[in-house]
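*Asks:* Pasting in a structure now, in structure tokens, and then I'll have a few things to ask.
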Amino acid sequence: MKPYKYAVIFSGGKSSRMGRDKALLPFGGYNSLAEYQYQKLQNIFQHVALSAKTDKFDFKCKVITDKYEASSPLVGILSIFESLPKVDSIFVLSVDAPFVDKGAIDTIMGKESNAVDAIIAESPSGLQPLCGLYKKSILPFAQAQYNEGKHKLQDLLAKANTEIVIFEDNTPFTNLNHPEEYEEALKKC
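For reference, each letter of the sequence shown is one residue, going 6 to 194 in the working numbering.
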């Protein structure tokens, strides 16, 4: 049995630095980075979904579409918990972080506690708000942030009771934001 319940891959970003939708770029033998991440997490979690503005994917998957007009990871967090009202916690991973592996996920999930609203990775390059566990208890903070027009997850995490998990290496958290980063990542997979 898979050890963890729910994971959601955030794949609704604008990909402005990449110049095209990075969620749909081929990767690791799959038609898209989204499918690569989805299949990887299917081996670890009982339920996996993708968060996006629309269902743009060419493979069978559960898609949770944003319920708000604004476009941000904060909107994704709100939309996920509103779409899954019986779910108490979700592991969140960005579609453009393909090197986050089971070891990193186990480290984060191993810290699970009822005393916190979120458990988030931090690497030498900084906080990784799209690699962590979010609890439903964060919703009042998230809704308040949304109502104030503050969409940065760092701001949300600063207000909530957040546990930080320190990682000594940036490698797992490499984001594919630019074409050259994507090309370099293709050589590693």
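Glycine residues also receive a C-beta, built at the ideal position from the N, C-alpha and C atoms. Computed from a prediction, not measured in an experiment: that's the story for all the values here.
What would DSSP say about F86, mapped onto helix, strand or coil?
*Replies:* Here residue 86 refers to the residue found at position 81 of the sequence shown. Helix.
*Asks:* Just list the beta strand (DSSP E) runs in the segment 84-151, keeping only unbroken ones of 3 residues or longer that don't cross its boundaries, in chain order.
*Replies:* Counting whole runs of 3 or more residues, the segment 84-151 contains the beta strand (DSSP E) stretches 94-99, 123-128, 131-140.
*Asks:* Measuring CA to CA, which of M6, E186, H183, I14 is closest to F96?
*Replies:* In the sequence shown, residue 96 corresponds to position 91, counting from 1. Nearest C-alpha to F96: I14.
*Asks:* Starting from Y35, follow the beta strand (DSSP E) in both directions and report where the run begins and ends.
*Replies:* Numbered from its first residue, the sequence shown carries residue 35 at position 30. Premise fails: Y35 is in no beta strand (DSSP E) and is neither H nor E.
*Asks:* Return the CA-CA distance between K140 and N36, expressed in angstroms with no decimal places.
*Replies:* One-based indexing of the sequence shown puts residue 140 at position 135. One-based indexing of the sequence shown puts residue 36 at position 31. The alpha-carbon atoms of K140 and N36 are separated by roughly 32 Å.
*Asks:* Would you kindly work out how many angstroms separate the C-alpha atoms of I85 and N182, rounded to a whole number?
*Replies:* On the sequence shown, residue 85 is found 80 positions in, with the first residue counted as 1. On the sequence shown, residue 182 is found 177 positions in, with the first residue counted as 1. Rounded to the nearest angstrom, the two C-alpha atoms are 24 Å apart.
*Asks:* Drop a sphere of 10 angstroms on the beta-carbon of N180, count the other beta-carbons inside from all chains shown, and report buried for 16 or more, exposed for fewer.
*Replies:* As a first step, residue 180 must be located in the sequence shown, where it is residue number 175. Classification of N180: buried, given that the 10 Å Cβ count is 16 or more.
*Asks:* Let's see if you can read the secondary structure: which residues bound the alpha helix (DSSP H) around E189?
*Replies:* The count along the sequence shown starts at 1 and reaches residue 189 at position 184. Residues 184-193.
*Asks:* Taking the beta strand (DSSP E) that C55 falls in, what are its first and last residues?
*Replies:* In the sequence shown, residue 55 corresponds to position 50, counting from 1. The sequence given here places Leu at residue 55; Cys does not occur at that position. Residues 50-57.
*Asks:* Determine contact between the segment 95-114 and the segment 29-45, defined as no fewer than three beta-carbon pairs at a distance below 8 Å.
*Replies:* Output reads yes: the segment 29-45 touches the segment 95-114.
*Asks:* Classify C194: buried if its beta carbon has 16 or more other beta carbons within 10 angstroms, exposed otherwise.
*Replies:* By 1-based counting over the sequence shown, the position of residue 194 is 189. Exposed, since its Cβ has fewer than 16 Cβ neighbours within 10 Å.
*Asks:* On the premise that I49 lies in contact with K107, defined as a C-beta separation below 8 Å, what is that separation, rounded to the nearest angstrom?
*Replies:* On the sequence shown, position 102 is the one that residue 107 refers to. On the sequence shown, position 44 is the one that residue 49 refers to. Right, their Cβ atoms sit about 6 Å apart.
*Asks:* Tell me which residues share the same chain as F146 and place their Cβ nearer than 8 Å to its Cβ, disregarding the 5 neighbours each side in the sequence.
*Replies:* Locating residue 146 in the sequence shown gives position 141, counting from the first residue. Hits under 8 Å: D122, L161, K164, A165.
*Asks:* Keeping to the same chain, check which residues put their C-beta closer than 6 Å to that of N175; ignore five residues upstream and five downstream.
*Replies:* Against the sequence shown, residue 175 aligns to sequence position 170. The answer, listed in chain order, is S128, P129, S130.
*Asks:* Tell me the DSSP secondary structure of F15 in three-state form.
*Replies:* Here the question's residue 15 lines up with position 10 in the sequence shown. In the structure shown, F15 sits in a strand (DSSP, three-state: E or B).
*Asks:* Can you give me the C-alpha to C-alpha distance between K27 and G17, rounded to a whole angstrom?
*Replies:* Within the sequence shown, numbered from 1, the residue matching residue 27 stands at position 22. Within the sequence shown, numbered from 1, the residue matching residue 17 stands at position 12. Rounded to whole angstroms, K27 to G17 spans 10 Å at the Cα level.
*Asks:* Give me, in chain order, the residues of the same chain whose beta-carbon lies closer than 8 Å to that of L135; leave out the 5 immediate sequence neighbours on both sides.
*Replies:* Taking the sequence shown and counting its residues from 1, one reaches residue 135 at position 130. Excluding residues within five positions, the ones whose Cβ falls inside 8 Å are F15, P78, V97, L98, S99, A102, L158.
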